[in-house]
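Heads up: the sequence shown begins at 8 in the numbering used here, then just goes up one per residue.
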Amino acid sequence: MFDWENLRHYVTFARTQSLSSAARELGVEHATVARRIAALESSLNLKLVDRRKRNYEITPFGHRIAEIAGRMQKDAKAISKVALSVQTEMVADLAVSAPPLLTSEFIAPHLGRLRREHPSINVSLLMQDDIGTLCNPEPDLMIRLCRPTQMDLVARKIGTVSFGLYGSQGYLAEHTSEQYEYIVYDDSMEHSRQQMWLREVAGERPVVLRARSLEVQASAARAGIGIALLPNFYGLKDPELAKAQFHYADLMIDIWLVVHEDLRKEAPIRSLMDFLVSCFPTEQFF
8 MFDWENLRHY
18 VTFARTQSLS
28 SAARELGVEH
38 ATVARRIAAL
48 ESSLNLKLVD
58 RRKRNYEITP
68 FGHRIAEIAG
78 RMQKDAKAIS
88 KVALSVQTEM
98 VADLAVSAPP
108 LLTSEFIAPH
118 LGRLRREHPS
128 INVSLLMQDD
138 IGTLCNPEPD
148 LMIRLCRPTQ
158 MDLVARKIGT
168 VSFGLYGSQG
178 YLAEHTSEQY
188 EYIVYDDSME
198 HSRQQMWLRE
208 VAGERPVVLR
218 ARSLEVQASA
228 ARAGIGIALL
238 PNFYGLKDPE
248 LAKAQFHYAD
258 LMIDIWLVVH
268 EDLRKEAPIR
278 SLMDFLVSCF
288 PTEQFF
């Protein structure tokens, strides 16, 4: 008999295609993910990954196991959602997934109001820094900079965030736009609108840093190594950063509030959705 925790670690790895990405999502070391996969292989007496190459590659048997286990996870989540949908006066424990900067700047400052108005709602804030990537359907509510394509998800546009290029004042004073060096996202964001916009703007100019976290990118820009694409609500208020004067218009990306189709009419979900909408500025762009 296999350990369900080993299976959970393997399914996460199979979905993310990376030990490090799976480890970040699970909150463990990447060595733990590798050990869990090996333990699952031993208990099943099957080879799930090919370790001969530089990166783990899932075997045909591994893909079959991942597909079955993924369905099991979805079924378990569906059971939880049915249970939540019949709750009325009971305490609701709800999970909200959002990019870290949107969470810290717009949601967290209003949590006191949520507690006063809806004391029966307990919220878990899941900091997702993979903005612009495939929307993960696990949380009850999601705030994303991409519109999901899954049929069982409903999305509502709640605003548009503008992005601009920022660098330290010293760096911008010493470099023309033709001399800029760029701080960009890592490969996990390769197909995001932000990364594609940066590729177009940067052209053949050097890339000096790749980082997934916007906070890390901003810190590197403050250090004067190059310019980074940051939300204007964040970059404009940083005294150590200045906005680059550029011939490209700011990048505009819509913000989406995403909910599961089978939950959106339930009272706790509706209350939390209304709260989240109220957290963001009333103007369309910010």
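Note that CB positions come from ideal geometry on N, CA and C, so glycine has one too.
It should be emphasised that the depicted structure is a prediction, and the values quoted were computed from it without experimental measurement.
- Here the C-alpha atom of Leu152 lies approximately 20 Å from the C-alpha atom of Val208.
- Taking a cut-off of 8 Å on C-beta distances, the region 281-288 touches the region 101-114, as three or more cross pairs fall below it.
- As a beta-bridge residue in DSSP terms, Pro238 pairs with Phe170.
- The C-beta of Arg43 has 16 or more other C-beta atoms within 10 Å across all chains shown, which makes the residue buried.
- If you draw a straight line from the Cα of Glu211 to the Cα of Ile260, it comes to about 24 Å.
- Here Leu243 is actually not in contact with Ala228; their C-beta atoms are around 13 Å apart, not less than 8 Å.
- Remark: fewer than three beta-carbon pairs, one from each stretch, lie closer than 8 Å, so the region 177-190 and the region 145-165 are not flagged as touching.
- Pro213 and Ser28 have their alpha carbons spaced roughly 26 Å apart.
- Beta-bridge pairing by DSSP links Lys250 to Tyr173.
- The residue from Leu14, Trp204, Arg31, Met280 with its alpha-carbon nearest to that of Ser49 is Leu14.
- Taking the C-beta atoms as reference points, Ala73 is found nearer than 8 Å to Val18.
- Where Ala105 is concerned, the enclosing beta strand (DSSP E) starts and stops at 99-105.
- For Asn129, the pairing in a beta bridge is given by DSSP as Asp100.
- Judged by DSSP in its simplified three-state form, Val35 adopts coil rather than helix or strand.
- For the set Glu32, Gly174, Arg271, Glu197, the Cα lying nearest the Cα of Gln224 is the one of Gly174.
- Arg151 carries a strand assignment under DSSP once its states are collapsed to helix, strand and coil.
- Counting C-beta pairs closer than 8 Å gives fewer than three between the region 52-59 and the region 231-238, which falls short of the contact rule.
- In terms of Cβ geometry, Leu283 and Leu148 form a close pair [threshold 8 Å].
- His267 counts as buried, since no fewer than 16 other beta carbons sit within 10 angstroms of its beta carbon.
- Shown here for Ala41: same chain residues with a beta carbon closer than 7 Å to its own, the five before and five after excluded, namely Leu26 in chain order.
- The Cβ neighbour count for Phe20, taken over all protein chains shown within 10 Å, is at least 16; the residue is labelled buried.
- Boundaries of the beta strand (DSSP E) harbouring Met259: 258-267, taken from the DSSP string.
- The shortest C-alpha to C-alpha distance from Leu279 to any of Ala45, Arg120, His198 is the one to Arg120.
- For Ile232, the three-state secondary structure derived from DSSP is coil.
- About 14 Å separates the CB atoms of Ile232 and Ala251; that is not less than 8 Å, and the two are not in contact.
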